[in-house]
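S.K.: Structure provided below as structure tokens; questions to follow.
Number of protein chains: 2
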Amino acid sequence: MNASSPRQGSSAASKRKDARRNQQTLLDAAAAVFVTSGVDAPVREIASKAGVGLGTFYRHFPNRADLVIAVYRHQVDTCAEAGPTLLAESPTPFAALERWVDLFVDFLVTKHGLAAAMQADTTGFEALHTYFLDRLVPVCTQLLDAAAAADEIRTDLDAYHLMRGIGNLCIGTDGDPRYDARRLIALLLEGLRRPHRP
Amino acid sequence: MNASSPRQGSSAASKRKDARRNQQTLLDAAAAVFVTSGVDAPVREIASKAGVGLGTFYRHFPNRADLVIAVYRHQVDTCAEAGPTLLAESPTPFAALERWVDLFVDFLVTKHGLAAAMQADTTGFEALHTYFLDRLVPVCTQLLDAAAAADEIRTDLDAYHLMRGIGNLCIGTDGDPRYDARRLIALLLEGLRRPHRP
DNA sequence: TTACAATACGGAACATCGTTCCGTATTGTA
DNA sequence: TACAATACGGAACGATGTTCCGTATTGTAA
């Protein structure tokens, strides 16, 4: 790896301005399309909306998952940064955890199909899965540790499991108005509460 | 609909014996392939394993989802029938519910990708989703009602939500040995317990 | 300003899906 | 044994993610 080699990839600023412009156009188009058609929208639709060819798309984003990450990176970071803030501002660590989970659920639920996409099962979205976890698990851990230290919750569930559980419960919130993921997540948190011991 | 029209579909016995034989061969091949490659295995792979053409496949099963239903129908029915039995044999309704959930989770977890497939989001598996729910929600309702009548659980969660929650939590149990869906499901049931009120 | 090399672009083409279609083969029966 | 109903096989279609490569654009050095 040569240190002088030009940077490349979805988040790097390219030298040529048409490239920079196209990258931003693609991100904007993707964000718009994701809102209406969900994160599973075809690459062609996004490229078309951006007025750009497929080659250009793949030049900027090696694959679909990288585009999704790029589109939501900022929001994920915001969610991550909210953790310490909530911990400082909330009456108890558990309350902070509840609020943070609410934030995370808000984020997932408003992105059609995002939660499902993160289950790397079918598609090649494992990068997405990994990014979310890398970024958010430490924050969640901090919240859980604080709540555990305050003796508010059990200690036998780690942040990874909690995050996965929440993510999974958010799957399929579109297409079924009956389904209320929040209620189940609230129940999960309820189950996490330490039963007042003798 | 003419009453004398010959029955057709995945569960009907055809008149010609080659048809009957091929249907069974397809079911066997599918069951075998599902074990190794998961329920998302390509139709071509199943047809090939059965030594049969694609046309034959689609003659017997209008689409992939119908095949999956056919393969697992018996096991789903078994699970449904276990509900009343457990209710009669268990010390308390809640214990019966726990055992039944365990049965259901066993079923889902051993079928790679089944839980994910039931989220009709991407693929055309809504028939699968519907079948599972139609068959199991009534059973689950019975268990919940019994537990509620015994004042063991809260009454603000219906069977549909519980089933969906459990199904969702089972998603992605393969491909990640760290993830333990059962623990989260146990926590969910814990949260469902009625907090001993004054 | 102008040539030109580096860079980026566009979209045809490929592989993999589920699914449909239709000419051919098999089967049950008169 | 002929023949009509039925079933079979697999080519072909449409959708998708991704790769490839000839062409166009851009920044820069002469």
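Quick note, the sequences are listed as chains A and B, same order.
Following this note's numbering, the numbering of the first sequence begins with 249 at its first residue and continues without gaps.
Following this note's numbering, the numbering of the second sequence begins with 249 at its first residue and continues without gaps.
Note that CB positions come from ideal geometry on N, CA and C, so glycine has one too.
How would you label residue 302 of chain B, buried or exposed, when you count the other beta carbons within 10 angstroms and need 16 or more for buried?
M.R.: Exposed, by the Cβ-count rule.
S.K.: Quickly, what does DSSP pair residue 401 of chain A with across the bridge? List them, please.
M.R.: Note: residue 401 of chain A sits in a beta bridge opposite A:441.
S.K.: Please decide whether residue 341 of chain A counts as near chain B, where near means a Cβ-Cβ distance under 9 Å.
M.R.: It does not; no Cβ of chain B falls within 9 Å.
S.K.: Assuming the contact rule is C-beta atoms closer than 8 Å, residue 355 of chain A and residue 390 of chain A should be a hit. Round their C-beta distance to whole Å, please.
M.R.: About 18 Å separates the two Cβ atoms, so there is no contact after all.
S.K.: So residue 333 of chain B is in the alpha helix (DSSP H); what residue range does that whole segment cover?
M.R.: Segment 312–337, the alpha helix (DSSP H) holding residue 333 of chain B.
S.K.: Under three-state DSSP, which class holds residue 499 of chain A?
M.R.: Look at the range of chain A in this structure, 249 to 446, and you will see that residue 499 of chain A is not part of it.
S.K.: Taking only beta-carbon positions, decide if residue 320 of chain A is within less than 9 Å of chain B.
M.R.: No, its Cβ sits nowhere closer than 9 Å to a Cβ of chain B.
S.K.: Comparing the C-beta of residue 434 of chain A with each C-beta of chain B, is any distance below 9 Å?
M.R.: Yes, residue 434 of chain A lies at the interface with chain B (some Cβ there is under 9 Å from its Cβ).
S.K.: In whole angstroms, what separates the C-alpha of residue 279 of chain A from that of residue 295 of chain A?
M.R.: Cα to Cα, the separation comes out at about 12 Å.
S.K.: Would you please state the rounded distance, in angstroms, between the beta carbons of residue 364 of chain B and residue 419 of chain B? I believe it to be under 8 Å.
M.R.: Right, the Cβ-Cβ distance comes to about 5 Å (below 8 Å), so this counts as a contact.
S.K.: Is residue 430 of chain A closer than 9 Å to residue 353 of chain A when the C-beta atoms are compared?
M.R.: Yes, these two residues count as a Cβ contact at 9 Å.
S.K.: Give the single residue among A:426, A:319, A:331, A:339 whose Cα lies nearest to the Cα of residue 359 of chain A.
M.R.: The option with the nearest alpha carbon to residue 359 of chain A is A:319.
S.K.: Would residue 443 of chain A be called buried (16 or more neighbouring beta carbons within 10 Å of its own) or exposed?
M.R.: Its Cβ having fewer than 16 others within 10 Å, residue 443 of chain A is exposed.
S.K.: Determine the contact status of residue 298 of chain A and residue 273 of chain A, defining contact as a CB-CB distance below 9 Å.
M.R.: In contact: residue 298 of chain A and residue 273 of chain A (Cβ atoms closer than 9 Å).
S.K.: Suppose the cutoff is 7 Å on Cβ atoms and the five residues either side in sequence are ignored; what does the same chain contact list for residue 415 of chain A look like?
M.R.: Excluding sequence neighbours, residue 415 of chain A sits near 356, 363, 366.
S.K.: Are the C-beta of residue 350 of chain B and some C-beta of chain A separated by less than 9 Å?
M.R.: Not an interface residue.
S.K.: Which class does residue 291 of chain A belong to by DSSP, given the choice of helix, strand or coil?
M.R.: Note: residue 291 of chain A maps to helix in three-state DSSP.
S.K.: Is it true that the segment 421–430 of chain B meets the segment 420–429 of chain A, where meeting means three or more beta-carbon pairs spaced less than 8 Å apart?
M.R.: In short, these stretches do not touch, since the Cβ pair count stays below three.
S.K.: Quick check: the segment 338–353 of chain A against the segment 397–405 of chain A, are at least 3 beta-carbon pairs closer than 8 Å?
M.R.: The answer is yes - the segment 338–353 of chain A touches the segment 397–405 of chain A, with three or more Cβ pairs under 8 Å.
S.K.: Rounded to a whole number of angstroms, what is the C-alpha to C-alpha distance between residue 285 of chain A and residue 291 of chain A?
M.R.: Whole-angstrom Cα-Cα distance: 12 Å.
S.K.: Under three-state DSSP, which class holds residue 263 of chain A?
M.R.: Correct three-state label for residue 263 of chain A: coil.
S.K.: Note down, in chain order, every chain B residue with its Cβ under 7 Å from the Cβ of residue 270 of chain A.
M.R.: Residues of chain B passing the Cβ test: none, with the nearest at roughly 28 Å.
S.K.: Should residue 387 of chain A be labelled buried (16 or more other beta-carbon atoms within 10 Å of its own) or exposed?
M.R.: Residue 387 of chain A comes out buried.
S.K.: Looking at the structure shown, is residue 253 of chain A part of a helix, part of a strand, or coil, going by DSSP?
M.R.: Bear in mind that a pLDDT of 35 at residue 253 of chain A, under 50, signals an unreliable position, so the model cannot answer this.
S.K.: May I ask you to report which of helix, strand or coil DSSP gives residue 426 of chain B?
M.R.: It is coil, neither helix nor strand.
S.K.: Which class does residue 411 of chain B belong to by DSSP, given the choice of helix, strand or coil?
M.R.: Reduced to three states, the DSSP call for residue 411 of chain B is helix.
S.K.: Using a Cβ-Cβ distance cut-off of 9 Å, determine whether residue 197 of chain B contacts chain A.
M.R.: Past the boundaries of the shown model lies residue 197 of chain B; chain B is included only from 249 to 446, so the question cannot be answered.
S.K.: I want to verify the contact list: residues of chain A whose CB lies under 8 Å from the CB of residue 311 of chain B, in sequence order.
M.R.: Within chain A, no residue comes near residue 311 of chain B; the closest Cβ sits about 17 Å away, beyond 8 Å.
S.K.: Determine, using beta carbons only, whether residue 384 of chain A comes closer than 9 Å to chain B.
M.R.: Not one chain B Cβ lies under 9 Å of residue 384 of chain A.
S.K.: Confirm, please, whether the CB-CB distance from residue 346 of chain A to residue 437 of chain A is below 9 Å.
M.R.: Result yes, Cβ atoms of residue 437 of chain A and residue 346 of chain A sit closer than 9 Å.
S.K.: So which of A:435, A:439, A:380, A:412 has the shortest CA-CA distance to residue 428 of chain B?
M.R.: Measuring from the Cα of residue 428 of chain B, the nearest candidate turns out to be A:412.
S.K.: Please return the same chain residues whose Cβ sits closer than 7 Å to the Cβ of residue 251 of chain B, not counting the five positions on each side in sequence.
M.R.: Its pLDDT being 33, under 50, residue 251 of chain B is placed unreliably by the model, and the measurement read from it follows with that caveat. Answer for residue 251 of chain B: no residue qualifies.
S.K.: Using a Cβ cut-off of 9 Å (strictly closer), state whether residue 428 of chain B contacts chain A.
M.R.: Cβ-Cβ to chain A under 9 Å: yes for residue 428 of chain B.
S.K.: If you run the structure through DSSP and keep just helix, strand and coil, what is residue 433 of chain B?
M.R.: Helix at residue 433 of chain B.
S.K.: Using C-beta distances below 7 Å, list every residue in its chain close to residue 327 of chain B, excluding the 5 sequence neighbours before and after it, in chain order.
M.R.: Counting only Cβ-Cβ distances below 7 Å, and skipping sequence neighbours, we find 351, 352, 355, 384.
S.K.: Can you list, in chain order, the residues of the segment 395–420 of chain B whose Cβ is nearer than 7 Å to any Cβ on chain A?
M.R.: Hits within the stretch, in order: 405, 408, 409, 412, 413, 416, 417, 419, 420.
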